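In what follows, a single structure is set out as structure tokens and then discussed.
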Amino acid sequence: MARRAFLGALAGAFLGAAAARAAYAAFTRRPPIGDAETWDRTNHRGEPITLLEGPAFVAGAGAAAAVLPGLPVRVRAAVLTAVVGSGALGAYDDLYGATSSKGFKGHLSALAKGEVTSGAVKLLGIGVTGLAAAALTSRGPVDTAVNGALVAGAANLANLFDLRPGRAIKVGLLTGAPLLAAGIWRDAPVPVTLAALPIGAAVALLPEDLGERAMLGDAGANALGALLGLAASVALGRPGRLAVLGTVVALTAASEKVSFTKFIAGNPVLNRIDLLGRRPVEQAPGN
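Residue numbers (mature numbering (1 follows the signal peptide of the UniProt record, and there is no 0)): -25 to -1, 1 to 262.
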């Protein structure tokens, strides 16, 4: 029976959602660093928005992982390493990063000129974090390398989608749902719990994102991707992991040449999903 996995999914989703909402409420009253203005940014409409959704996702997912029943010690440590490490590095880039260099090419070009950008620090740091998390759940150096690349690559890719309201979360749901369904079908409680945790936390924060009151930023998007990458590394066999990693690498490489926003807007199905739940372009906040 899939009862254990189903209960694991419920526990992961519920605790992730409850902790993320509690963290968001707490951070909007008292931000984790600085004051509210420290986290204020301007969105794609030119309107003010807060990045506090990201720290709320990180804190909520981390707190839920710390208390979730049924997770082996090493898996729990891997989750905390992935979410806290990628989230902290993303927050560093959110608060102190410069926008003059973007993407792998931009950061590597700056590095070749002797300039260490905040993005380069984040990319290297997330790579180390991904390997550290993978080492806790993998068997042997080859699996550790594959899984570490998957965690780090997914963390970076999720951030590339965080350009419009709800987009990164929707991508997370679309990629996490098959892992969740497969784990329930196979009655695999640990992989199911790992997939349900970020899904629950992300869904709980989705109204703020779609309402254009807040956004994940690098902190939240990196953490969301890292957790889904970790869930995939635990749930899938090596062929499946290599296929997912290849897809992540291909999409990341494509992002250097193609605008995801333009590609999505040009595809009727993807555009409809992208616009689902968002307010019209001409609608002002609160209307």
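For every residue, glycine included, the Cβ atom is placed at its ideal position computed from N, Cα and C.
Quick caveat: nothing in here was measured; it's all calculated off a predicted structure.
Tell me the rounded alpha-carbon separation between residue i and residue j.
i, j, result
"Ala194", "Pro44", "26 Å"
"Leu(-16)", "Ser230", "35 Å"
"Glu12", "Arg(-5)", "20 Å"
"Arg49", "Ala31", "24 Å"
"Ala259", "Arg139", "Any reading at Ala259 is ruled out, since the residue's pLDDT is 45, under 50, leaving its predicted position unreliable."
"Pro243", "Arg253", "16 Å"
"Ser61", "Gly151", "18 Å"
"Pro23", "Glu183", "13 Å"
"Asp69", "Thr25", "11 Å"
I need the DSSP call for residue i, collapsed to helix, strand or coil.
i, result
"Pro23", "strand"
"Ala110", "helix"
"Asp15", "strand"
"Ala(-24)", "coil"
"Pro260", "Note that Pro260 has pLDDT 48, beneath the 50 cutoff, so the model's placement of it is unreliable and no number is given."
"Ala163", "coil"
"Pro6", "coil"
"Gly72", "coil"
Keeping to the same chain, check which residues put their C-beta closer than 8 Å to that of residue i; ignore five residues upstream and five downstream.
i, result
"Leu155", "Ala(-17), Val167, Ala170, Ala171, Ile174"
"Ser42", "According to the sequence displayed, residue 42 carries Val and not Ser. Hits under 8 Å: Leu(-11)."
"Thr236", "Leu138, Arg139"
If I measure Cβ to Cβ from residue i and keep anything under 7 Å in the same chain, skipping five residues before and after, which residues do I get?
i, result
"Gly158", "Ala(-21), Pro166, Val167, Ala170, Ala210"
"Asn246", "Ile239, Ala240"
"Arg142", "Phe136, Asp249"
Quick check on this structure: which residue in the options has the alpha carbon closest to the alpha carbon of residue i?
i, options, result
"Leu180", "Arg(-23), Ala163, Glu28, Glu22", "Glu28"
"Val59", "Gly123, Leu202, Gly141", "Leu202"
"Gly221", "Ala36, Glu187, Leu125", "Leu125"
"Gly35", "Tyr71, Gly(-14), Gly65", "Gly(-14)"
Between which residues of its own chain and residue i is the CB-CB distance below 6 Å, once the five residues before and five after are set aside?
i, result
"Gly105", "Gly123, Val126, Ala127"
Quiz item: Which runs of the alpha helix (DSSP H) spanning at least 4 residues fall entirely within the segment 174 to 244, listed in chain order?
Solution: 192 to 210, 213 to 230, 235 to 240
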